[in-house]
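Asks: Protein chains in written order, with the numbering used here: chain A, 20 to 89; chain B, 774 to 1561. Structure below; questions to follow.
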């Protein structure tokens, strides 16, 4: 789903707790028993993940709706 | 919902019934379709429809007795549609030399058609096109029978000859000067006997003296016995039609009415029977609406204006194409759609109940694959207006509610469809709002006031004032119950949550000594009627009307009343509201759809949550119906209209509101504010009336938020509550789990307090409050622990 947001736009974000920049890595997102590996920005130390607004309201909402009607 | 119940509702919808003209026409010419095609300029398509019903179009268009004209809904609105003239126009302007007759490959069996009149010719035509061999036996020296008796100026002979050419084109063998009746005794010596050995089936389309034909059993009246459905005689190979059929079935009426269109219908029906007989399949299965019948279709013509044909027309009139198009455009295009016309939701999906019910059933039956009708089912406001305007009482609300029950049972209800409303209900039945008390100083109650959660959310001050009014008028013997009636659970078909809410109600109700429940919210009233049959209920508005002392108010202009849809069946409430307004000096102008025909504001059935674009259409339609100020008595109707900029008052604004302020223009109350209003109402009433305090607050409640106006609108649109954002920040600040943007210094954090994950971007102000830049949410789960 990384193609549904621009990672460059989120370069300035760091994990506040660990004080290290977030890095693009595979994260599982799941809904109603369906799981997808997605490239997301993540703290390499503690695993905190950033879901961008445009992803949440765009592709994610679309997939949620599709899975709910399956 | 079982298939039987569904079919029952589906069959009641009459939209797919034929219009009166096509039903009464024994050959079922699609008059409506032909008129529609001509009106849009497509005479070729119109001719195609006409030819489909009539094998000899030139002849019929000149001599048809047009039974359709007697039932045409235009009859008293300028005159029936001149269909025969339109048919002639189709032939004149739509025919082409390239037309070919489609014919199936030749099959081995052959049929004898006795009588070359129009019914026999129709049988021969239909069977030959299906590939059966056909031989016509005609007693005279030419085909056409009684058609030659038509006056030539009405039926020009070239038209007759031209139409009969098709018999030759279909390679039908014709044997002229062959009489079949009269001589012979029972048995094989007769002509019919010989024919039955030579042919696989026989059609008798002979004239009125055919009772002389031997071999066939007679009925009690001495006529050939003919099955009225299949036209089969006592000899299974022999079928009858035309005058012989009429003499048999209309006995003793000897006044034979010759009707070419009836003969065509007879021929068609006999051909169906013979085709099935030759194929050895059931002669009787699914034979409905053959021949002339009365339609059940209802068409509302109350707004149709009278319009006469452009020129006076008879069976010899020739239209030019412009006149034909104008005449065709006069066709009303009969259909029902009474429900679709009043409901933006039913209109939105471009169908009608019969189609929708089929789709709903199919949707529920899907095991693997996408359930495309989920949103349709969840969008219905369940308001019942469709049933109110339906000539046959089809109720899509019942269908959709039952479908929701099935979806919940099947565990196939989309979790997001009703979640927000169900959480709102949980809030109202939780410690922040739920309260049940007898009146201050009393241990039990004769009455209890149940104002409902939405009035408390919109205008808590009116709850206080109406409760005070009730105590004054019932010797203080009125308790108070703040909670939700369970409507969201009922609408969402969550029987489990409804039962839980109901049980909680009953526990408190019994503690209060089973008082009469006074209800001001019409949705609550509906829920109590439906689900609490043993609880005695009273409408607050009836009480107010009877006991209230009303001051005259300033009414600068007449007002109009919007009745909440849940009062549809409660005419006593409609009356009370109107009487109250009249007592205060208001002049009422009714909306076109009011009282039992009122419309929903889109709150009903949780429509507003399931499908916002359709909900907005619903609100827009309602508020466009009058430029006057609306007065209603449901807090949600008031807020939904106000949100779209419609000047709307709650009747409490007149009763308890400040006269000087323009309350009709007051903004709608947002979702977070509704929670806060409910909680504050409970806190205030506990303190003022019972000297009690609220239970302790959660840690997150001390988080103070600052929301700029655009952010406030954003979170309202996204259904994110202040308490959701407070929880995110409280969690992030307590655990340190948050992200920081090095250039803006904004924090971004998330928290999942329920099935939704909320994200908040914020900074901390010097005074300890938090400034919110944005908030959003999703339902997908992230990271570790996500099930695979």
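The beta carbon of each residue, even a glycine, is placed where N, CA and C say it ideally should be.
How many whole angstroms separate the CB atoms of residue 836 of chain B and residue 927 of chain B, which I take to be in contact at a CB cut-off of 8 Å?
Replies: Residue 836 of chain B to residue 927 of chain B, Cβ: 6 Å. Contact.
Asks: Mind listing the chain B neighbours of residue 89 of chain A? Cutoff is C-beta to C-beta under 8 Å, in chain order.
Replies: Correct list: 1142, 1143, 1144.
Asks: Give me the Cβ distance between residue 1159 of chain B and residue 1116 of chain B, rounded to the nearest whole Å; I'm assuming they're in contact under 8 Å.
Replies: With a Cβ gap of about 6 Å, residue 1159 of chain B and residue 1116 of chain B count as contacting.
Asks: Answer with yes or no whether the minimum CB distance from residue 80 of chain A to chain B is below 8 Å.
Replies: Yes, residue 80 of chain A lies at the interface with chain B (some Cβ there is under 8 Å from its Cβ).
Asks: Helix, strand or coil for residue 1252 of chain B, going by three-state DSSP, please let me know.
Replies: Here residue 1252 of chain B sits in strand by DSSP.
Asks: Mapping the DSSP letters down to three states, classify residue 1345 of chain B as helix, strand or coil.
Replies: If DSSP states are grouped into helix, strand and coil, residue 1345 of chain B belongs with the helices.
Asks: Would you call residue 1006 of chain B buried or exposed, if buried means 16 or more other Cβ atoms sit within 10 Å of its Cβ?
Replies: The residue in question, residue 1006 of chain B, is buried, as its Cβ has 16 or more Cβ neighbours within 10 Å.
Asks: Could you check what DSSP says for residue 1289 of chain B in three-state terms: helix, strand or coil?
Replies: In this structure, residue 1289 of chain B counts as strand in the three-state DSSP scheme.
Asks: Please determine, among B:1534, B:1411, B:1107, B:1046, the residue with the shortest C-alpha to C-alpha distance to residue 1396 of chain B.
Replies: The shortest Cα separation from residue 1396 of chain B among B:1534, B:1411, B:1107, B:1046 belongs to B:1411.
Asks: Applying the 10 Å Cβ sphere with the 16-neighbour rule, what's the burial state of residue 775 of chain B?
Replies: Classification for residue 775 of chain B: exposed.
Asks: With distances taken from CA atoms, which of B:1073, B:1138, B:1122, B:1131 is nearest residue 1111 of chain B?
Replies: When only C-alpha atoms are compared, the closest one is B:1073.
Asks: Just how far apart, CA to CA, sit residue 792 of chain B and residue 862 of chain B?
Replies: Approximately 22 Å between the Cα atoms of the pair.
Asks: Just how far apart, CA to CA, sit residue 1556 of chain B and residue 35 of chain A?
Replies: Looking at the two C-alpha atoms, the distance is approximately 18 Å.
Asks: Between which two residues does the alpha helix (DSSP H) carrying residue 908 of chain B extend?
Replies: From DSSP, residue 908 of chain B is part of no alpha helix (DSSP H) but of the beta strand (DSSP E) over 906 to 910.
Asks: Classify residue 1075 of chain B as buried or exposed, calling it buried when 16 or more other Cβ atoms lie within 10 Å of its own Cβ.
Replies: So residue 1075 of chain B counts as exposed.
Asks: With 8 Å as the C-beta to C-beta threshold (strictly closer), list the residues of the region 1512 to 1524 of chain B near chain A in chain order.
Replies: Taking 8 Å as the Cβ-Cβ cut-off against chain A, the residues of the region 1512 to 1524 of chain B that qualify are 1512, 1513, 1514, 1515, 1516, 1517, 1520, 1521, 1523.
Asks: Run down chain A in chain order and give the residues with a C-beta less than 8 Å from the C-beta of residue 1554 of chain B.
Replies: 48, 49, 50, listed in chain order.
Asks: Can you look up residue 1151 of chain B in the DSSP assignment and give me helix, strand or coil?
Replies: If DSSP states are grouped into helix, strand and coil, residue 1151 of chain B belongs with the helices.
Asks: Quick one: Cα of residue 821 of chain B to Cα of residue 1419 of chain B, how far?
Replies: Each residue's Cα considered, the two are about 51 Å apart.
Asks: For residue 1532 of chain B, write down the residues that DSSP places opposite it in a beta bridge.
Replies: DSSP, once it has assigned bridges, lists B:1523, B:1549 as partnering residue 1532 of chain B.
Asks: Is residue 1357 of chain B helix, strand or coil by DSSP?
Replies: DSSP places residue 1357 of chain B in coil when its eight states are reduced to three.
Asks: Residues in the same chain with beta-carbon distance under 6 Å from residue 1560 of chain B, minus the five sequence neighbours each way, listed in chain order, please.
Replies: Any reading at residue 1560 of chain B needs caution, since the residue's pLDDT is 38, under 50, leaving its predicted position unreliable; the model's value is listed next. Closer than 6 Å at the Cβ level, and outside the excluded window around residue 1560 of chain B, lies no residue.
Asks: In chain order, which continuous runs of the beta strand (DSSP E) of length 3 or greater are located wholly inside the region 873 to 918 of chain B?
Replies: Within the region 873 to 918 of chain B, the complete beta strand (DSSP E) runs of at least 3 residues are 883 to 887, 906 to 910.
Asks: So who's on the other strand from residue 1441 of chain B, going by DSSP bridges?
Replies: Paired residue(s): none; residue 1441 of chain B is not in a bridge.
Asks: In the DSSP assignment, find the beta strand (DSSP E) that holds residue 45 of chain A and state where it starts and stops.
Replies: Unbroken beta strand (DSSP E) run through residue 45 of chain A: 42 to 50.
Asks: How many Å lie between residue 1199 of chain B and residue 1191 of chain B at the Cα?
Replies: Going from the Cα of residue 1199 of chain B to the Cα of residue 1191 of chain B covers about 12 Å.
Asks: Three-state secondary structure (DSSP) at residue 808 of chain B?
Replies: It is helical.
Asks: Name the chain B residues that come within less than 9 Å of residue 77 of chain A, Cβ to Cβ?
Replies: Within chain B, no residue comes near residue 77 of chain A; the closest Cβ sits about 10 Å away, beyond 9 Å.
Asks: For residue 874 of chain B, count neighbouring C-beta atoms within 10 Å of its own C-beta (all shown protein chains included) and say buried if the count is 16 or more, exposed if not.
Replies: Exposed: under 16 other Cβ atoms inside 10 Å.
Asks: If distances are taken between C-alpha atoms only, which option among B:1340, B:921, B:1445, B:853 comes closest to residue 1201 of chain B?
Replies: Closest by alpha carbon: B:1445.
Asks: Three or more C-beta pairs closer than 8 Å, one from the region 1319 to 1332 of chain B and one from the region 1343 to 1360 of chain B: is that the case here?
Replies: Counting Cβ pairs under 8 Å, three or more are found: they touch.
Asks: For residue 1537 of chain B, which beta-bridge partners are listed by DSSP?
Replies: DSSP lists B:1543 as partners of residue 1537 of chain B.
Asks: Show which residues of chain A have a CB atom less than 8 Å away from the CB atom of residue 1549 of chain B.
Replies: Those within 8 Å of residue 1549 of chain B in chain A are 72, 75, 76.
Asks: Quick check: the region 827 to 835 of chain B against the region 845 to 853 of chain B, are at least 3 beta-carbon pairs closer than 8 Å?
Replies: No contact exists between the region 845 to 853 of chain B and the region 827 to 835 of chain B.
Asks: I need the boundaries of the beta strand (DSSP E) containing residue 801 of chain B, first residue and last residue.
Replies: Premise fails: residue 801 of chain B is in no beta strand (DSSP E) and is neither H nor E.
Asks: Could you tell me how far apart the beta carbons of residue 1229 of chain B and residue 1255 of chain B are, in whole angstroms, since I believe they sit closer than 8 Å?
Replies: That pair is a contact at about 6 Å.
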